[in-house]
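Note sheet for the following structure.
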Amino acid sequence: MKFFTSSTNFESVLKKYFSFKNETRSLEPFAEFIESIKRSDFTDVLNFFRSNPGYTENFKLYLQNIFDGRPFNLSLTEANILSENAFFPELKKRILNKILPPVENENTVWYMIDNVSLRPNKDLKYLHNLPENEVNEFLTLLGIADFITSPAVKKELIFSMNILSWRATGMAMEVEVVRMAPEYRNFDNPFLALQNELEALAEELEKNPYLQLHSKDSRYKQIKIYAEHCQEFVNIAFKNSAKYGISGKINQSLLKIRQQTERIYEIVQLLVIDTEEDIIIKSKQLIFNIVRYKSHKNNIADLINDSTRLISHLITNHTAETGTHYITSTRKEYMTMFYKASGGGIIVGALCVLKMLYGYIPGSDFSHAFLYSMNYAMGFVMIYLMGFTLATKQPAMTAATMTKVLAEEGNNKRNNTEFAHLVSKLFRSQFIAFVGNVLLSFPIALAIIYGLDVFFSQNLAVERSDKLLMDLDPFKSKAILHASIAGFYLFISGIISGNIGNNSVFYQIPERIAKNLPIRNFLGKKFAKGLSKYYAKNWPGIVSNFWFGVFLGATAPVGLFFGLDLDIRHITFAAGNFALGLYGKDFSIDSYTFWISFFTVFLIGFFNFLVSFSLSMFLAFRSRKMNFGQVSEIYKEIFRYFRKHPFKFFFPLSSGLDKKADDLMNSTISTKSEDH
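For the sequence shown, position 21 matches number 37 in our numbering, and the numbering has no gaps at all.
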C-alpha cells in the first residue's frame, strides 16, 4: 500500500474515488480517506457529506462492498487475548509480529483493520476525541448507525462468544487449573453452564434472526451471572496461589481464561438494546472495541506486566514471611540480632582470608571463579544453617514485608504513625546487624592472618595489601559501582528464595517427601516427616545463599574474561579486607588511606542496602499494583517521626506504639502454617 502525502485532503480523495459508483473491493480508497480526515476538521468532513448526497451514496455503497463477506469474529476472539499457554512463546510471537506482521486471510475484518489502521493507538485516540453528536450523525448518513441490529452482526457476536466460551472451558477443566480452585469442586462448573447458555442463545437466533436481548431478559441475566462466576473462579484461583503456589503455565492459563470471560461479558453487553438510543450507542461501541482490541494486539509491555505481576507477588509473599524474622521489637530481640550478625561476621572474616589465599593458587580464570564461588557459597550456607545472619540479606526480605503491610492495611492517617514506628524498628534492626557483621569480621580476619604469619613466619597479606586498600578508595576504584552490583545480587537472591518457596508449595515437595514410600520403608516415617519439615523450612534459604555466593565469586573472573572492570563490594567483606590490607602494610599507612578506607566500608554498606532494598520495594510495589504516589503520606510521616524520635531508628527504646506496630505487622503477615 502506498504512502500518502500530507497535502492530500479528504475532498480530493472523495472526488478521486467516489465521484462515481465505485464497486472495487480494494482497501486503498478507504485507507486514503481515513488518513485524510485525520488531518482535517471533522466538522468540514461532515458538512461535505451533508452537501453532497451523491458522494455519500457512492461512499456508502463502497463500504458495503468492502465489508460484505468479511467476518469480524477474529477481531473479537483473537485480538488482545493471549494466544499461547506459556509466557516465552507468547513473547516470541508478539516480537515477531511487531517486526514481520503475519499474513492474514484477506476476506476478514481483521485483515482490513491491519491494512487500513497503520497506527491503531493514535486512531483510537482520534475517534475518542471526536464530538459524539458528529460521530452519530456521520454513522447515520452512511447507514450504519443501526448495524448492531443486523442478524448477520448478531450471529457473528454470538458465534464469537461461543468460541471464547469453548476455549475458556477447555482450559478451566485442566486438572492443574481445577486444583487451584477446590472451592468449586462441589458446585456446578460455571464454564459449562455459560457454554450451555450461549449455545442455547445461538439456537434461538437460528430460529429467530431478529431476536433482540434487553436488560431484563432472563437469557442475558443468566449469561451475565455465569460470566461473573467464571471471573470469580479465576479470582479464587489467583488468591489460592499463595496457599498452593503456581507455575508460569497455570498463571498464563488463568490470565487467558480471565481475558476470554471478560471479552464474553463485553460482547453480551453490545447485544442488549433497551431504547432506540442504545442502537447507535452499541453500534459505535462495537467499532471502538474492535479498534481498541487491535491497538493492544501485540503489546509487549502489557504481556510482561500481566504475566509477571502474579509471579512477583508470590515471590514477595514468600520472602515477606521470612522478612518478619528480621524486624526486632524488644531489647532482647535487638541483642539477639547483634549476636547473630556477630556470628555471621566471624564466618565472613574467615572467608576473606580464604579468598585471598585462593588468589595465590595458580590457575585459569575459570578455576578461580569456581574457588571464589564455592568459598562464598559454602560460607553463606553455613551462616544460614547455623542461624547467623548477613546484614545485607535482610533488605530483600523486609522490603516485601513492609509493602505487604502497606498493601493490606491501606494508606490512611489512622495507621501512618504505627507504620512509621514499624519502619524505625526495621531500620534499627538493619543498623545493629551491620554493626555486628563489621565489628567481628575485622578482628577475626586480623586474628587469622596474624596466626598464619606466626605459623608460617610469613606475612601472606603483603602482596595483596595495595590492591585491598585501593579497592576501598572510591576515588581510585569503582567501589560504589561494585557495591551496587553486590546489592543487585542481594535482590536476585531474594527472588530466588521466593521462587524456590513458591515452587516447593506448588509441586508439594515437602508432602511428597513425607509420603515417599522408599524413604518411609528404609529410613522410617519419623525420618521422612523430619526431612519434609527440614526441606520446607531450609531449602529456599540454602539455594538462595548458594547462588548468592556463586554470583559474588564469579563476577570478578567473568568480568576479567570479558575485559570488563567488574567486581563486588560487600560491607562485611570490605571490613575483613580492610584488616588484611592494614596487616599487609604492617599498619604503616598514611591517615588519608586509613580514614578513606574506614568510611568507604560504611559507604559500601549503604549502597548494598540502598540498591537491594530499592529493587525489592519496586518489585513488591509492582506485584501489589501500588505506586509511589499512594504511599507519599507514609514517607512524610516516616520523616516526621524520624525528626521527633531519631534515636528510635538506632536503639531499642520502648514506646507506647510498640504493641500497635506489632499488631499492624502480625495482622497482615500470615505464616505458612496458617496458609496451609
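Each residue gets a CB set at the ideal place from its N, CA and C atoms; glycine is no exception.
Boundaries of the alpha helix (DSSP H) around valine 397: 381 to 401. When rounded, the separation of the alpha-carbon atoms in lysine 660 and phenylalanine 629 is 24 Å. For valine 617, the secondary structure class from DSSP, reduced to helix, strand or coil, is helix. The Cβ atoms of leucine 598 and leucine 438 do not sit closer than 9 Å to each other. Inter-residue distance for methionine 372 and leucine 456 is about 18 Å (C-alpha atoms, whole angstroms). The alpha-carbon separation between lysine 232 and glutamate 213 amounts to approximately 16 Å.
For the 9 Å CB-CB criterion, alanine 499 and glycine 375 do not form a contact.
Sequence-distant partners of asparagine 152 (beyond 5 residues in either direction) whose C-beta falls short of 8 Å from its own C-beta, in its chain, are Ala161, Ile296, Lys300.
When the Cα atoms are used, threonine 277 and serine 181 turn out to be separated by approximately 7 Å. Spatial neighbours of proline 167 in its own chain (CB-CB distance under 6 Å, excluding positions within 5 residues in sequence) are listed in chain order as Pro225. Where tyrosine 226 is concerned, there is no enclosing alpha helix (DSSP H), because DSSP gives it neither an H nor an E. In this structure, the beta-carbon distance from histidine 230 to aspartate 318 does not fall below 9 Å. Annotation: arginine 480 to aspartate 489 spans about 15 Å, alpha carbon to alpha carbon.
For phenylalanine 64, the enclosing alpha helix (DSSP H) stretches over residues 58 to 67. Counting C-beta pairs with one atom in each stretch, the stretch 442 to 462 and the stretch 593 to 608 have three or more that are closer than 8 Å, which means they touch. As computed with DSSP, valine 288 is found in a beta bridge with Leu229.
In this structure, DSSP gives glutamate 349 a helical state, which the three-state scheme calls helix. Between tyrosine 608 and the set Met196, Phe577, Phe491, the nearest pair of CA atoms involves Phe491. When the five nearest sequence neighbours on each side are left out, the beta carbons in the same chain lying within less than 7 Å of the beta carbon of lysine 313 are those of Ala95, Asn96, in order along the chain. In this structure, isoleucine 584 places its C-beta atom within 9 Å of the C-beta atom of isoleucine 501. The C-beta of serine 560 has 16 or more other C-beta atoms within 10 Å across all chains shown, which makes the residue buried. Nearest neighbour of tyrosine 127 by Cα position, chosen from Tyr142, Lys310, Ala258, turns out to be Lys310. By the Cβ criterion, the stretch 548 to 559 is in contact with the stretch 520 to 533, since at least three pairs of Cβ atoms, one from each stretch, lie closer than 8 Å.
In terms of Cα proximity to asparagine 123, the closest of Lys141, Pro117, Ser91, Leu112 is Ser91. DSSP places isoleucine 174 within a helical segment (H, G or I) once states are collapsed to three. A straight line joining the alpha-carbon of isoleucine 587 with that of valine 617 spans about 6 Å. Counting other Cβ atoms within 10 Å of its Cβ, tryptophan 563 reaches 16 or more and is therefore classed as buried. Within the stretch 142 to 207, the complete alpha helix (DSSP H) segments at least 4 residues long are 148 to 157, 167 to 188, 191 to 195, listed from N- to C-terminus. Excluding five sequence positions before and after leucine 287, the CB atoms of its chain that fall closer than 7 Å to its own CB belong to Lys170, Leu173, Leu229, given in chain order. With fewer than three CB-CB distances shorter than 8 Å, the stretch 216 to 225 does not count as touching the stretch 179 to 195. Counting only runs that start and end inside the stretch 451 to 503, the alpha helix (DSSP H) elements of at least 4 residues fall at 478 to 486.
Here phenylalanine 249 is buried: its Cβ has 16 or more other Cβ atoms, across all protein chains shown, within 10 Å. For glutamate 120, the CB contacts under 7 Å within the same chain, skipping 5 residues up- and downstream, are Trp126, Tyr127, Asp130 in chain order.
Cβ-Cβ separation between phenylalanine 665 and serine 440: approximately 5 Å, consistent with a contact (criterion under 8 Å).
If you check the CB distance, asparagine 89 and phenylalanine 154 do not come in under 9 Å. Taken through DSSP and simplified to helix, strand or coil, aspartate 318 comes out as helix.
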